[in-house]
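Take a look at the structure below.
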Amino acid sequence: MDRIYRVCQNIPIKERLYFPLIIILNWQLDSLKDSQNKAWEILKEIYYYDLEFFNKDMSTLGSDDKDWKFKFNGVNLFFNINHPQHKLHRSRKVNSFITMVVNPSENFQIVAPLVNGGRKVSNMIRDRVKVYNNGIVAETLGISDETKPDWKQYQHEESDAEIPSVCPFHMVEK
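Taken in order, the sequence shown gives residues 1 to 174; the numbers are from full-length UniProt numbering.
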């Protein structure tokens with residue numbers, strides 16, 4: 001995680017768009033629910049490791065607040081978490097391990113800004129994912145939807161695994 005912080009500090013945003021941090025976890029769990037719970041555990045460990053900076057400037061916000069962001073060393077991060085047990089969300093099944101694709105949140109404003117046609121780009125991406133997923137689109141998606149906290153978009157639910165009603169970070173204390 002320190003490496004992504006250094007990349008964000010030293011490389012201009014347009015040059016780092018195509019270099020997300022990929023974390024592949026060598027666990028093969030039986031169910032999507034178990035796999036998602038393991039991913040939340042890992043995110044909590046990352047949270048705990050970043051003792052100095054995590055949400056320092058957002059300490060008054062709860063993790064369920066729409067403005068809350070996962071931060072590491074002061075960098076807002078977005079996690080796209082993929083699981084081998086996904087059946088409906090094929091786009092979130094990239095291999096046989098839990099895989100996290102980590103990007104600074106600001107990258108999304110470059111790829112698909114909220115103005116100047118960015119919404120068109122977001123809709124085009126979502127339409128392609130829908131086709132790939134045989135018509136399935138996650139209800140939790142909405143990076144530009146200010147009513148949806150980021151953490152609800154990290155993982156997708158299916159019948160055997162639901163997104164928690166309260167953010168898993170809500171109960172983490174340092």
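In this text, a Cβ means the ideal position worked out from N, Cα and C, and glycines have one as well.
Neighbour-count burial assignment, residue 65, 16 or more Cβ in a 10 Å radius: exposed
Would you mind sorting residue 67 into buried or exposed? The rule is 16 or more other CB atoms within 10 Å of its CB. exposed
Would you call the stretch 125 to 142 and the stretch 39 to 49 touching, i.e. three or more CB-CB distances under 8 Å? no
Environment of residue 152 [buried if 16+ CB atoms lie within 10 Å]: buried
Just the C-alpha distance for residue 92 and residue 104, rounded to the nearest angstrom, thanks. 19 Å
Limits of the beta strand (DSSP E) - the one that residue 25 falls within: 21 to 25
What did DSSP end up calling residue 162 once you bin it into helix, strand or coil? coil
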